[in-house]
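Which chain is which? The protein sequence lines are Y and H, in order. The letter at position 17 of the first sequence is residue 17 when you use our numbering, and the numbering goes up by one with no holes. When you read off a place in the second sequence, starting at 1, and then add 1000, the result is the number in our numbering. Just so it is clear, CB atoms sit at the ideal spot from N, CA and C, and this is done for glycine as well.
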Amino acid sequence: MTLVIKKINEEKLRLFKAEAVKRGLLLHQALEEAITLWLNFNPTIIESDVDVNNKVYEKMRQELQKKYYGYFVLIAEGRLIGAFKDVKEAAEALRKLGPHVKHAILTKIGFDEKYSGEYEWWGGSIEP
Amino acid sequence: MVGGIYRTVSCTKYAEGKKYPAPALEITLHNMVGEKVLEKIKFPIDTGYEGSIMLTSDLYQHFLIAELPRILWKNYKTLTGMVTMRIARAIVKLSNGIEFETFVETPLFGTGKLLIGRELLNKLTIILDGNKENTCIAEEVA
């Protein structure tokens, strides 16, 4: 289909076109990719939960490392739900929270840290 | 010493590629509350990818329920620069019936793709039979 858009910011459009060319995309392909990203990004439901739970983790991080080394720590609804020796217990606690919980942090203190950092992906690329 | 005898346990047909078929493994994925998110889907194998399982951002939404803290998300060096990946816990079931806990990832920006990387591959004995276009999970015969 053909789409005509009025009152678009010329400078932004110029940058958008330049970026599309740089990525080897036609304008309509770049626009479709941008629309998909925008639709997938739901700041009101998901990102706010992500932010709140991460803030709790970051605030409690040192305390968690001292108290719960080797435990699976579960953070949801902006609070520490519990620390569990076994991942199955943590999964059960997660289930009990109910389907309204869309985001939770489940991390094994002292172990998951080794997964962070820099990795490699030879020739990796993220395509539309 | 070179050599060894391996017995294939289960095989997956290669996935379609742009020109040549790609080695792939069929997997089933559950999130940490036990929901089956994907069943017997072919994931192309990428030995250049150091992670475990990469998902599209749509599919990753089902795994947000057991995500790692933001400060533990991974950074990948690629040809086009650094790519940050979100990471979450999941349960994977392989075509040989073995099931274990693993990680799934998706790019923070971008739509992602389906891939299996070295973190998972290194837990398996894999035979790539290019002639028959089969990826087989194998075990060494004693």
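Between H/E1099 and the set H/N1031, H/T1012, H/Y1060 and H/R1070, the nearest pair of CA atoms involves H/N1031. A straight-line Cα-Cα distance of about 43 Å links H/T1080 and H/V1141. A residue is called buried once 16 or more other Cβ atoms fall within 10 Å of its Cβ, and H/M1054 is buried on that count.
Contact between H/N1134 and H/T1012 holds, with the beta-carbon distance rounding to 7 Å and staying under 8 Å. Annotation for H/E1139: Y1006, R1007, V1009 and T1125 place their beta carbon closer than 8 Å to its own, counting only its chain and skipping 5 residues before and after. Classified as exposed, Y/V21 has fewer than 16 neighbouring CB atoms from the shown chains inside 10 Å of its CB. Contact annotation: in the stretch 12-43 of chain Y, residues whose CB is within less than 8 Å of a CB in chain H are E33, T36, L37 and N40. Take Y/L27, set aside five residues on each side of it, and the residues of its chain with a beta-carbon closer than 7 Å to its own are K17 and A20, in chain order. Between the stretch 113-125 of chain Y and the stretch 1066-1082 of chain H there are three or more inter-stretch CB-CB distances shorter than 8 Å, so the stretches are counted as touching. For H/I1027, no Cβ of chain Y is located within less than 8 Å of the residue's own Cβ. Those residues of the stretch 1070-1081 of chain H placed with their C-beta closer than 8 Å to a C-beta in chain Y are R1070, I1071, L1072, W1073, K1074, N1075, Y1076, K1077, T1078, L1079 and T1080, ordered along the chain. The C-beta of H/G1048 comes closer than 8 Å to at least one C-beta of chain Y.
Neighbours of Y/G82 across chain H, judged by C-beta separation under 9 Å, do not exist; the nearest C-beta is about 14 Å away. Secondary structure note for Y/N53: its alpha helix (DSSP H) is the uninterrupted segment S48 to K67.
Around the CB of H/G1110, 16 or more other CB atoms lie within 10 Å, so the residue is classed as buried. Excluding residues up to 5 positions away in sequence, G78 lie with their Cβ nearer than 6 Å to the Cβ of Y/V52 in the same chain. In the structure shown, Y/Y119 adopts extended strand secondary structure according to DSSP, grouped into three states. In the structure shown, H/S1010 adopts extended strand secondary structure according to DSSP, grouped into three states. Fully enclosed beta strand (DSSP E) runs of no fewer than 3 residues occupy 1126-1129 of the stretch 1107-1138 of chain H, in order along the chain.
Membership of H/V1037 in the beta strand (DSSP E) is indicated by the continuous run K1036 to P1044. Pairwise C-beta distances place the stretch 87-95 of chain Y in contact with the stretch 1023-1037 of chain H, as three or more of them are shorter than 8 Å.
Under the 8 Å criterion on CB atoms, H/E1099 is classed as non-interfacial with respect to chain Y.
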